[in-house]
Amino acid sequence: MALISDNDPIYELLDKWHEDDEYEKILEKVDEIPMEERSNKLWFRKISALNNLKRYDEAREEIAKLSPRCTETADIGRLFYMMGYIYDQKNCEFKAIECYRRRAEIDPSWDECDEWVNDSLGYAKKDMDRAYNAFSRFFPDYAEKNQNAAEKKTVEEPDILPYISAMGSSFMSSNLGVKLPLDQPFFKCSEEDKPKVVSFLTDRMHITDLKSLQQDFGRNRLAPLTSNILHIIETGEEPPLDKLNAQQLTHYEASKLLLGKMKEFIPEGGLAAWDYSDMLAIARFMYSVDMLTNTEIMQTYLFANDECKRLFKSWEEFTHSLTIGAFYNAFTRDTSYNINQSAKFAINVGLFCMQTYPGIEWLGEIKE
38 MALISDNDPI YELLDKWHED DEYEKILEKV DEIPMEERSN KLWFRKISAL NNLKRYDEAR
98 EEIAKLSPRC TETADIGRLF YMMGYIYDQK NCEFKAIECY RRRAEIDPSW DECDEWVNDS
158 LGYAKKDMDR AYNAFSRFFP DYAEKNQNAA EKKTVEEPDI LPYISAMGSS FMSSNLGVKL
218 PLDQPFFKCS EEDKPKVVSF LTDRMHITDL KSLQQDFGRN RLAPLTSNIL HIIETGEEPP
278 LDKLNAQQLT HYEASKLLLG KMKEFIPEGG LAAWDYSDML AIARFMYSVD MLTNTEIMQT
338 YLFANDECKR LFKSWEEFTH SLTIGAFYNA FTRDTSYNIN QSAKFAINVG LFCMQTYPGI
398 EWLGEIKE
(Lines of atoms letter the chains of each structure in order from A and count residues from 1; the text may use other names and numbers.)
(Lines give C-alpha, C1' and ligand atoms only; values in the text may rest on other atoms or scores of the structure.)
Protein backbone atom coordinates (compact mmCIF):
# COMPACT_ATOMS: atom_id res chain seq x y z
CA MET A 1 0.00 0.00 0.00
CA ALA A 2 1.10 3.58 -0.66
CA LEU A 3 2.48 5.86 2.02
CA ILE A 4 0.18 8.55 3.34
CA SER A 5 0.83 11.78 1.46
CA ASP A 6 2.52 14.66 3.27
CA ASN A 7 -0.53 16.74 2.27
CA ASP A 8 -3.08 14.32 3.69
CA PRO A 9 -5.90 15.91 5.76
CA ILE A 10 -4.78 13.84 8.74
CA TYR A 11 -2.13 16.47 9.46
CA GLU A 12 -4.79 19.13 10.10
CA LEU A 13 -6.17 16.91 12.85
CA LEU A 14 -2.70 16.18 14.25
CA ASP A 15 -1.87 19.90 14.21
CA LYS A 16 -5.01 20.71 16.18
CA TRP A 17 -4.24 18.07 18.81
CA HIS A 18 -0.70 19.38 19.04
CA GLU A 19 -1.96 22.93 19.64
CA ASP A 20 -4.35 21.61 22.31
CA ASP A 21 -1.57 19.54 24.00
CA GLU A 22 -3.51 16.35 23.30
CA TYR A 23 -0.46 14.26 22.51
CA GLU A 24 -1.99 10.91 23.50
CA LYS A 25 -4.54 11.36 20.71
CA ILE A 26 -1.69 11.87 18.25
CA LEU A 27 -0.10 8.61 19.36
CA GLU A 28 -3.36 6.71 19.11
CA LYS A 29 -4.07 8.05 15.62
CA VAL A 30 -0.60 7.29 14.28
CA ASP A 31 -0.65 3.79 15.77
CA GLU A 32 -3.94 3.09 13.98
CA ILE A 33 -2.19 3.48 10.65
CA PRO A 34 -0.46 0.33 9.30
CA MET A 35 3.34 0.51 9.28
CA GLU A 36 3.49 0.14 5.51
CA GLU A 37 1.41 3.32 5.12
CA ARG A 38 3.30 5.52 7.56
CA SER A 39 5.43 8.20 5.98
CA ASN A 40 8.53 9.61 7.66
CA LYS A 41 6.61 12.81 8.32
CA LEU A 42 3.93 10.87 10.17
CA TRP A 43 6.54 8.97 12.18
CA PHE A 44 8.21 12.22 13.18
CA ARG A 45 4.86 13.39 14.55
CA LYS A 46 4.74 10.33 16.79
CA ILE A 47 8.27 10.97 18.06
CA SER A 48 7.43 14.61 18.72
CA ALA A 49 4.34 13.59 20.70
CA LEU A 50 6.40 11.15 22.80
CA ASN A 51 8.91 13.90 23.54
CA ASN A 52 6.13 16.26 24.59
CA LEU A 53 4.85 13.55 26.94
CA LYS A 54 8.42 13.18 28.31
CA ARG A 55 8.50 9.55 27.24
CA TYR A 56 12.05 9.94 26.00
CA ASP A 57 13.11 6.30 26.03
CA GLU A 58 10.17 5.40 23.82
CA ALA A 59 11.02 8.30 21.53
CA ARG A 60 14.57 6.97 21.18
CA GLU A 61 13.21 3.54 20.27
CA GLU A 62 11.07 5.09 17.54
CA ILE A 63 14.05 7.06 16.22
CA ALA A 64 16.05 3.81 16.01
CA LYS A 65 13.23 2.20 14.00
CA LEU A 66 12.84 5.21 11.70
CA SER A 67 16.54 5.85 11.12
CA PRO A 68 17.11 3.19 8.39
CA ARG A 69 14.29 4.73 6.34
CA CYS A 70 15.74 8.23 6.38
CA THR A 71 17.79 8.88 3.25
CA GLU A 72 16.99 12.52 2.53
CA THR A 73 19.18 15.22 4.07
CA ALA A 74 16.24 16.94 5.75
CA ASP A 75 15.05 13.73 7.41
CA ILE A 76 18.52 12.73 8.64
CA GLY A 77 19.05 16.22 10.01
CA ARG A 78 15.72 16.08 11.81
CA LEU A 79 16.69 12.76 13.41
CA PHE A 80 19.81 14.36 14.87
CA TYR A 81 17.80 17.34 16.07
CA MET A 82 15.28 15.10 17.83
CA MET A 83 18.05 13.04 19.42
CA GLY A 84 19.67 16.27 20.58
CA TYR A 85 16.42 17.36 22.18
CA ILE A 86 16.14 14.05 24.04
CA TYR A 87 19.73 14.26 25.29
CA ASP A 88 19.06 17.80 26.50
CA GLN A 89 16.06 16.63 28.50
CA LYS A 90 18.12 13.79 30.02
CA ASN A 91 20.86 16.21 31.18
CA CYS A 92 23.39 15.01 28.59
CA GLU A 93 24.02 18.50 27.28
CA PHE A 94 27.23 17.87 25.38
CA LYS A 95 25.73 14.85 23.63
CA ALA A 96 22.88 17.15 22.63
CA ILE A 97 25.40 19.69 21.34
CA GLU A 98 27.06 16.96 19.27
CA CYS A 99 23.70 16.05 17.73
CA TYR A 100 22.86 19.67 16.89
CA ARG A 101 26.26 20.11 15.25
CA ARG A 102 25.84 16.92 13.27
CA ARG A 103 22.53 18.24 11.95
CA ALA A 104 24.31 21.43 10.89
CA GLU A 105 27.03 19.35 9.16
CA ILE A 106 24.39 17.49 7.17
CA ASP A 107 22.17 20.52 6.54
CA PRO A 108 24.24 23.75 6.51
CA SER A 109 21.05 25.72 5.81
CA TRP A 110 19.87 25.05 9.38
CA ASP A 111 20.59 28.41 10.96
CA GLU A 112 19.45 27.66 14.53
CA CYS A 113 22.44 25.50 15.47
CA ASP A 114 24.34 28.14 17.45
CA GLU A 115 21.24 29.04 19.45
CA TRP A 116 20.61 25.44 20.50
CA VAL A 117 24.30 24.81 21.22
CA ASN A 118 24.58 27.90 23.39
CA ASP A 119 21.46 27.00 25.36
CA SER A 120 22.79 23.50 26.04
CA LEU A 121 26.22 24.86 26.94
CA GLY A 122 24.65 27.20 29.46
CA TYR A 123 22.94 24.29 31.23
CA ALA A 124 26.15 22.24 31.10
CA LYS A 125 28.08 25.02 32.83
CA LYS A 126 25.48 25.17 35.60
CA ASP A 127 25.71 21.40 36.07
CA MET A 128 29.51 21.62 36.18
CA ASP A 129 29.30 24.37 38.80
CA ARG A 130 27.20 22.05 40.96
CA ALA A 131 29.72 19.25 40.49
CA TYR A 132 32.54 21.60 41.48
CA ASN A 133 30.69 22.56 44.66
CA ALA A 134 30.20 18.88 45.52
CA PHE A 135 33.91 18.12 45.14
CA SER A 136 34.81 21.30 47.05
CA ARG A 137 32.89 19.92 50.03
CA PHE A 138 34.05 16.34 49.63
CA PHE A 139 37.83 16.64 49.39
CA PRO A 140 38.42 18.74 52.57
CA ASP A 141 36.10 16.39 54.46
CA TYR A 142 38.08 13.41 53.17
CA ALA A 143 41.41 14.99 54.17
CA GLU A 144 40.16 15.72 57.69
CA LYS A 145 38.83 12.19 58.21
CA ASN A 146 42.05 10.71 56.88
CA GLN A 147 44.18 12.90 59.15
CA ASN A 148 42.11 12.18 62.26
CA ALA A 149 41.72 8.44 61.74
CA ALA A 150 42.17 6.59 65.03
CA GLU A 151 44.38 3.91 63.51
CA LYS A 152 46.73 4.60 60.66
CA LYS A 153 47.29 1.83 58.14
CA THR A 154 50.62 1.88 56.39
CA VAL A 155 50.50 0.51 52.86
CA GLU A 156 53.52 -1.70 52.26
CA GLU A 157 54.60 -3.53 49.13
CA PRO A 158 52.90 -5.60 47.86
CA ASP A 159 49.93 -4.69 50.07
CA ILE A 160 49.39 -1.52 48.06
CA LEU A 161 48.53 -3.55 44.97
CA PRO A 162 45.01 -4.71 45.86
CA TYR A 163 44.23 -1.23 47.16
CA ILE A 164 45.00 0.28 43.77
CA SER A 165 43.09 -2.40 41.86
CA ALA A 166 40.10 -2.48 44.19
CA MET A 167 38.58 0.70 42.78
CA GLY A 168 38.29 -0.38 39.18
CA SER A 169 37.43 -3.97 39.98
CA SER A 170 34.71 -3.02 42.43
CA PHE A 171 32.77 -1.17 39.73
CA MET A 172 33.71 -3.43 36.84
CA SER A 173 32.38 -6.45 38.71
CA SER A 174 28.86 -5.03 38.55
CA ASN A 175 28.78 -6.19 34.92
CA LEU A 176 29.81 -9.70 35.90
CA GLY A 177 28.39 -10.51 39.29
CA VAL A 178 31.91 -11.53 40.33
CA LYS A 179 33.87 -9.61 42.95
CA LEU A 180 37.62 -9.64 43.49
CA PRO A 181 38.26 -9.92 47.25
CA LEU A 182 40.47 -7.13 48.55
CA ASP A 183 42.40 -9.48 50.82
CA GLN A 184 43.10 -11.98 48.03
CA PRO A 185 45.30 -10.31 45.38
CA PHE A 186 45.78 -13.71 43.71
CA PHE A 187 42.11 -14.70 43.74
CA LYS A 188 40.90 -17.43 41.37
CA CYS A 189 37.32 -17.57 40.04
CA SER A 190 35.13 -20.59 40.57
CA GLU A 191 34.66 -22.94 37.63
CA GLU A 192 31.07 -21.73 37.44
CA ASP A 193 32.09 -18.07 37.04
CA LYS A 194 35.00 -18.61 34.65
CA PRO A 195 33.03 -18.68 31.36
CA LYS A 196 31.32 -15.32 31.90
CA VAL A 197 34.58 -13.65 33.00
CA VAL A 198 36.42 -15.04 29.97
CA SER A 199 33.59 -13.92 27.69
CA PHE A 200 33.63 -10.43 29.23
CA LEU A 201 37.38 -10.08 28.70
CA THR A 202 37.62 -11.58 25.22
CA ASP A 203 34.33 -10.64 23.57
CA ARG A 204 33.63 -7.26 25.14
CA MET A 205 37.12 -5.95 25.92
CA HIS A 206 39.09 -7.92 23.27
CA ILE A 207 41.78 -8.79 25.82
CA THR A 208 43.25 -12.29 25.72
CA ASP A 209 46.83 -12.09 27.04
CA LEU A 210 49.44 -9.77 28.56
CA LYS A 211 50.22 -8.13 25.21
CA SER A 212 46.59 -7.24 24.51
CA LEU A 213 46.27 -5.93 28.10
CA GLN A 214 49.26 -3.66 27.50
CA GLN A 215 47.79 -2.51 24.18
CA ASP A 216 44.44 -1.75 25.83
CA PHE A 217 46.21 0.24 28.55
CA GLY A 218 48.12 2.24 25.92
CA ARG A 219 44.98 3.01 23.90
CA ASN A 220 42.68 3.99 26.73
CA ARG A 221 44.85 5.94 29.15
CA LEU A 222 43.30 9.15 30.45
CA ALA A 223 46.54 10.69 31.69
CA PRO A 224 48.19 11.73 28.37
CA LEU A 225 44.97 13.11 26.86
CA THR A 226 43.93 15.05 29.94
CA SER A 227 47.48 16.30 30.50
CA ASN A 228 47.48 17.81 27.00
CA ILE A 229 44.16 19.56 27.60
CA LEU A 230 45.32 20.88 30.98
CA HIS A 231 48.37 22.31 29.21
CA ILE A 232 46.10 24.06 26.70
CA ILE A 233 44.04 25.50 29.57
CA GLU A 234 47.21 26.69 31.31
CA THR A 235 48.84 28.28 28.25
CA GLY A 236 45.77 29.39 26.31
CA GLU A 237 47.29 27.94 23.13
CA GLU A 238 44.25 26.52 21.35
CA PRO A 239 44.84 23.89 18.67
CA PRO A 240 43.24 24.43 15.23
CA LEU A 241 39.60 23.54 15.78
CA ASP A 242 38.25 24.18 12.30
CA LYS A 243 39.35 20.74 11.09
CA LEU A 244 37.48 18.87 13.85
CA ASN A 245 34.14 17.26 13.08
CA ALA A 246 31.12 17.65 15.36
CA GLN A 247 31.99 14.64 17.51
CA GLN A 248 35.65 15.62 17.95
CA LEU A 249 34.92 19.28 18.68
CA THR A 250 32.28 18.42 21.25
CA HIS A 251 34.56 15.93 23.03
CA TYR A 252 37.31 18.55 23.18
CA GLU A 253 35.02 21.26 24.56
CA ALA A 254 33.45 18.89 27.09
CA SER A 255 36.89 17.77 28.28
CA LYS A 256 38.10 21.34 28.51
CA LEU A 257 35.10 22.44 30.58
CA LEU A 258 35.47 19.57 33.08
CA LEU A 259 39.24 19.79 33.46
CA GLY A 260 39.23 23.57 33.64
CA LYS A 261 36.67 23.50 36.44
CA MET A 262 38.33 20.65 38.33
CA LYS A 263 42.00 21.55 37.84
CA GLU A 264 42.53 22.66 41.45
CA PHE A 265 41.70 19.13 42.61
CA ILE A 266 44.06 17.39 40.15
CA PRO A 267 47.52 16.54 41.55
CA GLU A 268 50.75 16.88 39.61
CA GLY A 269 50.50 13.22 38.62
CA GLY A 270 47.29 13.97 36.71
CA LEU A 271 44.54 11.38 36.33
CA ALA A 272 46.84 8.37 36.05
CA ALA A 273 45.42 6.73 39.19
CA TRP A 274 42.27 5.76 37.30
CA ASP A 275 44.38 4.29 34.48
CA TYR A 276 46.35 2.03 36.81
CA SER A 277 43.30 1.11 38.87
CA ASP A 278 41.47 0.06 35.73
CA MET A 279 44.44 -1.85 34.31
CA LEU A 280 45.04 -3.77 37.54
CA ALA A 281 41.37 -4.62 37.85
CA ILE A 282 41.45 -6.14 34.36
CA ALA A 283 44.72 -7.93 35.17
CA ARG A 284 43.24 -9.45 38.32
CA PHE A 285 40.23 -10.72 36.41
CA MET A 286 42.59 -12.18 33.78
CA TYR A 287 44.64 -13.93 36.45
CA SER A 288 41.48 -15.23 38.10
CA VAL A 289 40.68 -17.23 34.93
CA ASP A 290 44.30 -18.24 34.11
CA MET A 291 44.79 -15.75 31.28
CA LEU A 292 47.88 -14.39 33.07
CA THR A 293 50.63 -16.44 34.72
CA ASN A 294 51.99 -15.83 38.22
CA THR A 295 55.00 -14.06 36.72
CA GLU A 296 52.86 -11.86 34.46
CA ILE A 297 50.50 -10.73 37.23
CA MET A 298 53.46 -9.88 39.48
CA GLN A 299 55.11 -7.91 36.68
CA THR A 300 51.87 -5.98 36.18
CA TYR A 301 51.45 -5.36 39.91
CA LEU A 302 55.00 -4.11 40.37
CA PHE A 303 54.85 -1.87 37.31
CA ALA A 304 51.69 -0.15 38.54
CA ASN A 305 53.02 0.02 42.09
CA ASP A 306 56.24 1.75 41.04
CA GLU A 307 54.43 4.14 38.72
CA CYS A 308 51.86 5.19 41.32
CA LYS A 309 54.50 5.80 43.98
CA ARG A 310 56.48 7.81 41.44
CA LEU A 311 53.50 9.95 40.44
CA PHE A 312 51.71 10.47 43.77
CA LYS A 313 53.27 11.62 47.02
CA SER A 314 50.40 10.50 49.26
CA TRP A 315 47.21 8.45 49.46
CA GLU A 316 45.33 11.74 49.37
CA GLU A 317 46.92 12.67 46.04
CA PHE A 318 46.13 9.22 44.70
CA THR A 319 42.50 9.58 45.82
CA HIS A 320 42.17 12.99 44.15
CA SER A 321 43.51 11.55 40.90
CA LEU A 322 41.30 8.48 41.12
CA THR A 323 38.13 10.44 41.94
CA ILE A 324 38.48 13.08 39.22
CA GLY A 325 39.64 10.35 36.84
CA ALA A 326 36.43 8.46 37.58
CA PHE A 327 34.46 11.66 36.90
CA TYR A 328 36.19 12.27 33.58
CA ASN A 329 35.96 8.64 32.47
CA ALA A 330 32.25 8.38 33.26
CA PHE A 331 31.53 11.78 31.70
CA THR A 332 33.30 11.22 28.39
CA ARG A 333 32.89 7.46 27.95
CA ASP A 334 30.06 5.94 29.95
CA THR A 335 27.17 8.38 30.43
CA SER A 336 26.80 10.34 27.17
CA TYR A 337 28.23 13.44 28.92
CA ASN A 338 25.80 13.36 31.85
CA ILE A 339 27.58 15.64 34.34
CA ASN A 340 25.31 14.96 37.32
CA GLN A 341 25.39 11.20 36.95
CA SER A 342 29.17 11.16 36.41
CA ALA A 343 29.83 13.37 39.43
CA LYS A 344 27.72 11.10 41.66
CA PHE A 345 29.69 8.10 40.44
CA ALA A 346 32.99 9.86 41.16
CA ILE A 347 31.90 10.89 44.66
CA ASN A 348 31.06 7.25 45.31
CA VAL A 349 34.58 6.31 44.22
CA GLY A 350 35.96 8.89 46.66
CA LEU A 351 33.70 7.62 49.44
CA PHE A 352 34.92 4.11 48.68
CA CYS A 353 38.45 5.32 49.41
CA MET A 354 37.38 7.24 52.51
CA GLN A 355 35.21 4.60 54.11
CA THR A 356 37.13 1.47 53.19
CA TYR A 357 40.67 2.70 53.75
CA PRO A 358 40.63 5.49 56.36
CA GLY A 359 43.98 6.72 57.54
CA ILE A 360 46.17 5.11 54.90
CA GLU A 361 49.71 6.42 54.82
CA TRP A 362 51.56 6.23 51.54
CA LEU A 363 54.88 4.41 51.89
CA GLY A 364 57.90 4.32 49.64
CA GLU A 365 60.39 6.72 48.19
CA ILE A 366 59.29 8.79 45.23
CA LYS A 367 61.35 7.75 42.24
CA GLU A 368 62.71 10.58 40.17
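Numbering (the numbering used here), first residue to last: 38 to 405. Ideal Cβ placement from N, Cα and C applies to all residues, glycine included.
Reference residue i; option with closest CA among the options
| i | options | result |
| --- | --- | --- |
| Y313 | E353, K346 and V215 | K346 |
| W54 | D240, A141 and K66 | K66 |
| Q252 | I47, K216 and M316 | M316 |
| Y338 | L250, I41, T245 and N128 | L250 |
| T356 | G387, F117, F131 and M323 | G387 |
| D164 | P222, K280 and I376 | I376 |
| R75 | R106, E56, L50 and E59 | R106 |
| F322 | S236, H268 and K381 | S236 |
| T110 | W147, D151 and L281 | W147 |
| A318 | R370, H268 and F223 | F223 |
| L267 | A39, Y169, L308 and Y122 | L308 |
| F364 | A39, S325, L51 and Y169 | Y169 |
| A310 | A260, E152, P46 and E274 | A260 |
| S42 | I63, E59, I70 and Y60 | I70 |
| R115 | K280, D58, R140 and D45 | R140 |
| E228 | D327, D151 and C150 | D327 |
Residue j beta carbon less than 7 Å from that of residue i
| i | j | result |
| --- | --- | --- |
| I113 | I84 | no |
| L296 | T263 | yes |
| E333 | L247 | yes |
| S157 | D178 | no |
| G273 | S358 | no |
Residue i versus residue j: straight-line alpha-carbon distance, rounded
| i | j | result |
| --- | --- | --- |
| N257 | A320 | 15 Å |
| P277 | A171 | 33 Å |
| Y160 | T330 | 49 Å |
| E194 | D343 | Reliability fails at E194, whose pLDDT of 49 lies under 50, so the model's placement of it is uncertain and no value is given. |
| K25 | A291 | A question about residue 25 goes unanswered here, because the residues of the chain that appear run from 38 up to 405. |
| S173 | F340 | 32 Å |
| A383 | I361 | 7 Å |
| C136 | P304 | 34 Å |
| E56 | Y118 | 21 Å |
| K127 | A96 | 12 Å |
| A19 | G121 | The structure shown does not extend to residue 19, since the chain spans only 38 to 405, so no value can be given for it. |
| E49 | A133 | 30 Å |
| C226 | I244 | 17 Å |
| K231 | Y60 | 50 Å |
| D45 | N282 | 39 Å |
Where residue i falls: helix, strand or coil (DSSP)
| i | result |
| --- | --- |
| D52 | helix |
| K300 | helix |
| Y374 | coil |
| T272 | helix |
| S173 | helix |
| E135 | helix |
| D125 | helix |
| K91 | coil |
| I41 | coil |
| K280 | coil |
| D112 | helix |
Give the list of continuous beta strand (DSSP E) stretches no shorter than 3 residues that lie fully inside the stretch 202 to 268.
none
Any alpha helix (DSSP H) of 4 or more consecutive residues that is wholly inside the stretch 282 to 359:
Whole alpha helix (DSSP H) segments, 4+ residues: 283 to 299, 309 to 325 and 331 to 348.
Going residue by residue through the stretch 59 to 88, where are the continuous alpha helix (DSSP H) segments of at least 4 residues, counting only ones entirely within it?
60 to 69
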